[in-house]
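Report on one structure; see the data block that follows.
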Amino acid sequence: MSVSVLIMTWNEEVNLPACLASLNWCDDIVVLDSFSDDRTVELAKAAGARVFQRPYDTEDRQRMYGLTEIKFKHDWVYTPDADEITPADLRDEMLAIASDPTRPEVFFKARYKNMFMGRWIKHASLYPTWITRLVRPDRVRFERSVHSRASGGPEGALQSHFIHYSFNKGLEAWYDKHNRYSSAEADLSSNRLLERKIDWGGIISTAPERRRRALKSLSYHMPFRPSLRFLYMYLLRRGFLDGKPGYLYCRLLAAYEFMIVIKMEERRLIQSVELDGAPVRHGLQNKEPERHMV
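In the working numbering, the protein residues as written are 54 to 347.
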């Protein structure tokens, strides 16, 4: 048994060739494109991939469309982003899983090595972060519109890593993508302030995912979040061990946090004005329809 591949794209002509080259062992590659206006579709077809197109709304809906509406050749589907490379050891591990029909898992998570300025940012990138990458489409479902979570049955953990090159398009593209991410996160964060209590037990939990969510929830209630994010990543998470790239990476994360904070404040001000019945002016940003930029 082999593994099918689903890649979601929008203007990925820079990243897609390397991604596809690392998947040359796969006989069923599907590219779900959000109507790119560069050479993404051309490159995908030239590599032998099947190409489908759908307007992008959210990552969750786009991925679910790909997993439920597209027919794959194999039971297991690997879902890399276009800026990711699949090493040989990860390939072999996934093929071994696909060849064992007795496995109870419906999806597997994998760790990644985040690359920045030619270096693996091991400490400042919150390694190990586990991302769902191998799924059984007939059993799994995804939740949330940003950084989706999988559910629906037993999960497994892949021992091998994939390689993430999130800065291949340059810093301008990174800011463009995270401008959109920060808008979605600002909406989610504003709702959490009203709806969720802090998971104090999770802060000291030995489960990395629960601890990460608890710390993130706590951060919504704290002032100076961008500065605290930098200090946490650079000092407590030992980002200084990643050298100059680690320092710059931590600064970028703090900038992303600031984008979320100021958009949350904008939403708070807009809501207060709406309650007063005065005309609403969107002074800080005009919210655009989300596009998938991976």
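Think of the CB as a built atom: it goes at the ideal place given N, C-alpha and C, for glycine as much as any other residue.
Exercise. With 16 as the cutoff for other CB atoms within 10 Å, does G316 come out buried or exposed?
Worked result: The identity of residue 316 in the sequence shown is Lys, whereas the question assumes Gly. Looking at its Cβ environment, which holds 16 or more other Cβ atoms inside 10 Å, K316 is buried.
Exercise. Taking C-beta to C-beta, are D81 and V94 nearer than 8 Å?
Worked result: no
Problem set entry | Which of helix, strand or coil DSSP assigns to M54 | Here M54 sits in coil by DSSP.
Exercise. Just the Cα atoms here: how many angstroms apart are K269 and A99?
Worked result: 43 Å
Problem set entry | Cβ neighbours of S57 in the same chain (closer than 8 Å, five flanking residues each side left out) | C79, D81, I82, V83, F125, K126, H127, W129, V130, Y131
For this session: Answer yes or no: does any C-beta atom of chain C fall closer than 8 Å to that of E65?
Result: Of the chains in the structure shown, none is chain C; there is only one protein chain.
Exercise. With 16 as the cutoff for other CB atoms within 10 Å, does I60 come out buried or exposed?
Worked result: buried
Exercise. How would you label E238, buried or exposed, when you count the other beta carbons within 10 angstroms and need 16 or more for buried?
Worked result: buried
For this session: Starting from V94, trace the alpha helix (DSSP H) both ways and give me its first and last residue.
Result: 93-99
Exercise. Can the beta-carbon of L166 be found closer than 8 Å to that of H217?
Worked result: It should be noted that the sequence gives Lys, not Leu, for residue 166. Yes, these two residues count as a Cβ contact at 8 Å.
Exercise. Would DSSP call E37 helix, strand or coil?
Worked result: This structure leaves residue 37 out entirely; the chain is present only between 54 and 347.
Problem set entry | Where W253 falls: helix, strand or coil (DSSP) | helix
Exercise. Where are the alpha helix (DSSP H) runs, 4 residues long or more, that stay fully inside the segment 90-178, in chain order?
Worked result: 93-99, 112-122, 141-151
Exercise. With F160 and T185 assumed to form a contact (beta carbons below 8 Å), what rounded beta-carbon distance in angstroms separates them?
Worked result: 5 Å
Exercise. How long is the line joining the alpha carbons of G223 and R114, rounded to whole angstroms?
Worked result: In this structure, the CA atom of G223 is about 27 Å from the CA atom of R114.
Problem set entry | C-alpha distance - H214 paired with L148, whole-angstrom precision | In this structure, the CA atom of H214 is about 15 Å from the CA atom of L148.
For this session: Kindly indicate which residue of Y180, E208, R172, W183 has the alpha-carbon position closest to the one of R192.
Result: E208
Exercise. Where R156 and L120 are concerned, what is the direct C-alpha to C-alpha distance, given to the nearest angstrom?
Worked result: 20 Å
Exercise. How should G292 be labelled, buried or exposed, when 16 other C-beta atoms within 10 angstroms of its C-beta is the threshold for buried?
Worked result: buried
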